[in-house]
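Enquirer: Note that the sequence shown ends on residue 123 in my numbering; no numbers are left out.
In this text, a Cβ means the ideal position worked out from N, Cα and C, and glycines have one as well.
Sending over a structure as structure tokens; questions will come in a sec.
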Amino acid sequence: MAYPGDEGKVIINAAESVTNWQKCAGPDDCDGNPNWNYIYYADVRGLVELHPDSNFAIRQVFQKGE
58 MAYPGDEGKV
68 IINAAESVTN
78 WQKCAGPDDC
88 DGNPNWNYIY
98 YADVRGLVEL
108 HPDSNFAIRQ
118 VFQKGE
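Structural data, given as structure tokens:
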């Protein structure tokens, strides 16, 4: 895990690939964000529902290719 202030990057091993990325078609797709043209999103509800840990949640946002 990485916490604010930790150095380096986290490497996730054996992670499930997310392949259904979609580009926002307009501001309405991205909650009115003015940078909608640079934002992609993926629906991962199915992966979360199938996860063996019932408390599992996705709370990550990746920016600038990281």
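Just to check my reading of the structure: residue 114 and residue 75 have Cβ atoms closer than 8 angstroms, yes? What is that Cβ distance to the nearest angstrom?
Expert: Taking the sequence shown and counting its residues from 1, the one referred to as residue 114 is at position 57. Taking the sequence shown and counting its residues from 1, the one referred to as residue 75 is at position 18. Between residue 75 and residue 114 the Cβ distance is about 15 angstroms, and since that is not below 8 angstroms, they are no contact.
Enquirer: Using CA atoms only, rank isn't needed, just tell me which of 108, 96, 109 is closest to residue 13.
Expert: This structure cannot settle anything about residue 13, because the visible part of the chain is limited to 58 through 123.
Enquirer: Which partner residues does residue 98 have in the DSSP bridge list?
Expert: Counted from its first residue, the sequence shown places residue 98 at position 41. Note: residue 98 is bridge-paired with 79 in the DSSP secondary-structure output.
Enquirer: Which value, in whole angstroms, describes the spacing of the CA atoms of residue 91 and residue 80?
Expert: Taking the first residue of the sequence shown as 1, we reach residue 91 at position 34. Taking the first residue of the sequence shown as 1, we reach residue 80 at position 23. Taking the straight line from one Cα to the other gives about 14 angstroms.
Enquirer: Hey, how far is the Cα of residue 18 from the Cα of residue 78?
Expert: Because the chain in this structure spans residues 58 to 123, residue 18 falls outside the shown range and cannot be described.
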